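Novice: Can you read through this structure? Questions will come right after.
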């Protein structure tokens, strides 16, 4: 099958990559569409130095083989983290933190930049018939955005800042705006900031502070910016993953009683509902063939991916 293989340094386009074999409790999924995430770019830069395999984790596909007959023929999306099923994290509904987990496109499992992948049945979610594939492809990153209000209470009176003007920030800001909260976007690219205007403010001024600050920059500098604008007793939510480390004065957070909350993967079913009800507005994805992966990774479009 066709696949994009990461060899530890670079991506390679392979036309005869071995098709995965389905096994108990899992399904073979034919990929219809897969999208590039910033984390994929960071892996190429060294974020996961031990990973070798097929990159990619955002996808929509069709289940072709499964020991769960209800899934066969269904158009689906899927979660990333497959736990061991036996540890304290798996037994307490925290599978994504399993110390022995496998993660598609990250750790121990080939990802979605290929014609087929195998995924655990319990991680698979059916896409509503009314939701186009071009919109369903946003399920995974939107679920990540929805993890924030599941971790932090955001009342309509709360003022929130989102640092970053990229794709994830665009979804996070819309999710937060649905609560009625006052949302301000802080970014560097005026043309991108303009796209936030219908649901957020983009007029951050020096001296402005916020009860909740969300770092979605994908950069080590994000937490320092958050530190400078969060109020004493406030909360900083970190959504950024990147190669490298951040240098920050943690004593400042202690003295000012500022909570730091890491936030990663989120709930898929609510994300599918919001997309199906058209409550989240997103531009069309720009699509390429796998063999044109260099052009896809170089593209500056809002969202880029591969169509099979």
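Numbering (my numbering), first residue to last: 25 to 332.
Beta carbons are placed, not taken as given, at the ideal position from N, Cα and C, and that holds for glycine.
A quick note: this is a predicted structure, and the numbers were derived from the prediction, not measured.
(1) Taking only runs of the beta strand (DSSP E) that begin and end inside the stretch 155-239, which ones reach a length of at least 3 residues, in chain order?
(2) Three-state secondary structure (DSSP) at residue 121?
(3) If you draw a straight line from the C-alpha of residue 82 to the C-alpha of residue 58, how long is it?
(4) Mind checking residue 273: buried by the 16 CB within 10 Å criterion, or exposed?
(5) Quick one: complete beta strand (DSSP E) runs, 3+ long, within the stretch 81-120?
(6) Do three or more CB pairs link the stretch 48-55 to the stretch 88-107 at distances below 8 angstroms?
(7) Taking 8 angstroms as the threshold (C-beta atoms), are residue 292 and residue 163 in contact?
(8) Assuming residue 23 and residue 130 make a contact with CB atoms under 8 angstroms, what is their CB distance in whole Å?
(9) Using CA coordinates, which residue listed in 184, 330, 151 is at the minimum distance from residue 232?
(10) Give the single residue among 134, 116, 135, 110 whose Cα lies nearest to the Cα of residue 124.
(11) Would you mind giving the Cβ-Cβ distance between residue 115 and residue 105, rounded to the nearest angstrom? I have them listed as a contact below 8 angstroms.
(12) Counting pairs of Cβ atoms below 8 angstroms between the stretch 245-260 and the stretch 286-306, do you hit three or more?
(13) Under 6 angstroms Cβ to Cβ from residue 193, same chain only, skipping five residues before and after it: list those, please.
(14) If you reduce the DSSP assignment to three classes, tell me which class residue 251 lands in.
(15) Roughly how many angstroms lie between the CA atoms of residue 180 and residue 221, to the nearest whole one?
(16) Excluding the 5 residues flanking residue 280 on each side, which residues of the same chain have their C-beta closer than 6 angstroms to its C-beta?
(17) Can you check which of these residues, 234, 197, 310, is closest to residue 282 by C-alpha distance?
(18) What's the call for residue 171, buried or exposed, on a 16-neighbour Cβ count within 10 Å?
(19) Secondary structure at residue 285, three-state DSSP: helix, strand or coil?
(20) Give me whichever residues DSSP pairs with residue 66 in a beta bridge.
(21) In three-state terms, what does DSSP make of residue 293?
Specialist: According to the data block:
(1) 183-187, 206-210, 234-239
(2) helix
(3) 6 angstroms
(4) exposed
(5) 82-90, 99-102
(6) yes
(7) yes
(8) Here the chain has residues from 25 to 332 only, and residue 23 is not among them.
(9) 184
(10) 110
(11) No, residue 115 and residue 105 are not in contact; Cβ-Cβ is about 15 angstroms, not under 8 angstroms.
(12) no
(13) 186, 240
(14) helix
(15) 18 angstroms
(16) 256
(17) 234
(18) buried
(19) strand
(20) In DSSP, residue 66 forms no bridge with anything.
(21) helix
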